[in-house]
Amino acid sequence: MAGAPDSVRTAVLPIAGLGTRFLPATKAVPKEMLPVAGRPLVQYAVQEALDSGIERVVLVAAPGRDLALQHFARDRELEAALAARGRSRAQAEVRMLPTLGERLTAVEQAEPLGLGHAVGCATQAFGPGPYAVILPDDLVLGNVPCLRQLLDVHDQLGGTVLAVTSLPREELRKFGVVAPGVDDGTVVEVQGLVEKPAPGMEPSQLAVVGRYVLAPEVCAALPTLVPGAGGELQLTDAIAATIGATPVHAVRFEGRRFDCGNPAGMVAAGVAVTLADPSLSEVVATSVRALLSGMDGEQA
Numbered sequence: 032m033a034g035a036p037d038s039v040r041t042a043v044l045p046i047a048g049l050g051t052r053f054l055p056a057t058k059a060v061p062k063e064m065l066p067v068a069g070r071p072l073v074q075y076a077v078q079e080a081l082d083s084g085i086e087r088v089v090l091v092a093a094p095g096r097d098l099a100l101q102h103f104a105r106d107r108e109l110e111a112a113l114a115a116r117g118r119s120r121a122q123a124e125v126r127m128l129p130t131l132g133e134r135l136t137a138v139e140q141a142e143p144l145g146l147g148h149a150v151g152c153a154t155q156a157f158g159p160g161p162y163a164v165i166l167p168d169d170l171v172l173g174n175v176p177c178l179r180q181l182l183d184v185h186d187q188l189g190g191t192v193l194a195v196t197s198l199p200r201e202e203l204r205k206f207g208v209v210a211p212g213v214d215d216g217t218v219v220e221v222q223g224l225v226e227k228p229a230p231g232m233e234p235s236q237l238a239v240v241g242r243y244v245l246a247p248e249v250c251a252a253l254p255t256l257v258p259g260a261g262g263e264l265q266l267t268d269a270i271a272a273t274i275g276a277t278p279v280h281a282v283r284f285e286g287r288r289f290d291c292g293n294p295a296g297m298v299a300a301g302v303a304v305t306l307a308d309p310s311l312s313e314v315v316a317t318s319v320r321a322l323l324s325g326m327d328g329e330q331a
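Residue numbers (the working numbering): 32 to 331.
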């Protein structure tokens with residue numbers, strides 16, 4: 032009888048992308064530092080990892096990109112200034128950041144050669160895994176952290192676990208897509224994976240999005256990757272190579288996903304976060320209603 036699955040203690044956050052969809056803002060500010068309602072994307076991802084029980088978070092960053100680490104460093108001067116001005120809420124937020132930062136470390140990805148390469152940079156530094164992976168571009172808001180939902184399935188079934196969501200077929204060409212087996216409505220057996228399928232070649236409408244738990248076998252396959260879809264080293268190719276040798280499952284997670292890799296998704300996420308904040312929800316809702324009313328008037 033197989034033993035219990037190894038505990039997942041380390042999460043990898045790839046943040047070496049150029050953020051070209053957000054130029055010119057990302058010319059000076061890395062995409063992972065762009066704010067959603069006052070907090071940068073990377074902070075949401077780190078918080079989710081730690082709230083899910085992760086002990087160490089590895090940032091995979093481009094050379095010279097240390098702004099994320101600086102964000103989580105102690106700033107006593109700022110804390111003192113906020114205290115002097117009576118900004119207790121902001122002071123508490125700033126003082127909390129070093130607590131998160133204690134769990135962070137970073138490795139460099141010299142070239143952005145794909146998600147498989149980014150994760151490989153971390154596994155090369157820290158060993159064979161298992162690992163969790165969070166893509167900060169995919170912000171998931173809900174009662175239970177998305178990664179925690181995947182870890183719960185991993186604790187039961189072992190192997191590799193992927194977050195999936197059902198998307199229209201015309202959007203699937205941008206994602207890895209699952210070929211499903213047994214499906215209980217929440218957990219889906221993965222029989223195959225196709226990265227960025229051509230129209231009409233999609234094995235399902237279940238797209239892999241932003242959260243992974245990777246078995247050691249996947250990590251072992253990363254050094255053997257060759258360029259795949261888009262000429263990049265694809266993580267889905269490493270996962271697909273282990274199907275049949277190790278369990279692979281997908282989870283229809285609870286929560287609302289926002290694609291913060293594009294401006295529209297960032298705006299939608301910001302609205303959702305502020306509407307959930309009692310101190311902001313009324314003024315934001317009023318402003319949004321006024322804007323929509325104005326648009327209706329212009330179109331009339």
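Note that CB positions come from ideal geometry on N, CA and C, so glycine has one too. The structure displayed is predicted, hence computed values, not measured ones.
In this structure, the alpha-carbon of Gly241 lies about 16 Å from that of Val184. Contact between the stretch 210-228 and the stretch 135-150 is absent: fewer than three C-beta pairs spanning the two stretches fall below 8 Å.
For the pair Arg40 and Leu323, the Cα-to-Cα distance works out to about 45 Å. For the pair of segments examined, the stretch 235-253 was found to touch the stretch 164-182: the number of CB pairs separated by less than 8 Å reaches three. Where Thr154 is concerned, there is no enclosing beta strand (DSSP E), although the alpha helix (DSSP H) around it starts and stops at 146-157.
Distances from the alpha-carbon of Pro129 to those of Gln78, Ala112, Asn174, Pro199 put Gln78 closest. Taking one beta carbon from each stretch, the stretch 231-239 and the stretch 192-205 have 3 or more pairs nearer than 8 Å; the two touch. In terms of Cβ geometry, Ala163 and Ala42 form a close pair [threshold 8 Å]. Among the bridge pairs identified by DSSP, Ile274 is matched with Thr277. Taking a contact as a CB-CB distance under 8 Å, the pair Leu98 and Met127 does not count as one, their CB atoms being some 18 Å apart. Counting other Cβ atoms within 10 Å of its Cβ, Asp169 reaches 16 or more and is therefore classed as buried. The DSSP-derived three-state label of Val319 is helix.
Shown here for Cys250: same chain residues with a beta carbon closer than 7 Å to its own, the five before and five after excluded, namely Thr154, Pro159, Gly160, Tyr162 in chain order.
Uninterrupted beta strand (DSSP E) stretches at least 3 residues long and entirely within the stretch 103-140 occur at 135-139, given in chain order. Sixteen is the threshold: since fewer than 16 other Cβ atoms of the shown chains lie within 10 Å of the Cβ of Arg116, the residue is exposed.
Membership of Glu220 in the beta strand (DSSP E) is indicated by the continuous run 218-226.
Thr57 sits away from Leu44, with the two beta carbons spaced by 8 Å or more.
Put simply, of Gly216, Ala272, Leu90, Arg96 the residue whose alpha carbon is nearest the alpha carbon of Gly132 is Leu90.
For Glu248, the CB contacts under 7 Å within the same chain, skipping 5 residues up- and downstream, are Thr273, Ala276, Thr277 in chain order. The beta-bridge partner set that DSSP reports for Asp215 is empty. Ala42 carries a strand assignment under DSSP once its states are collapsed to helix, strand and coil. A straight-line Cα-Cα distance of about 14 Å links Gln265 and Leu193. Every alpha helix (DSSP H) stretch that sits fully inside the stretch 74-105 and reaches 4 residues is listed by chain position as 98-102.
In the three-state reduction of the DSSP assignment, Leu256 falls in the coil class.
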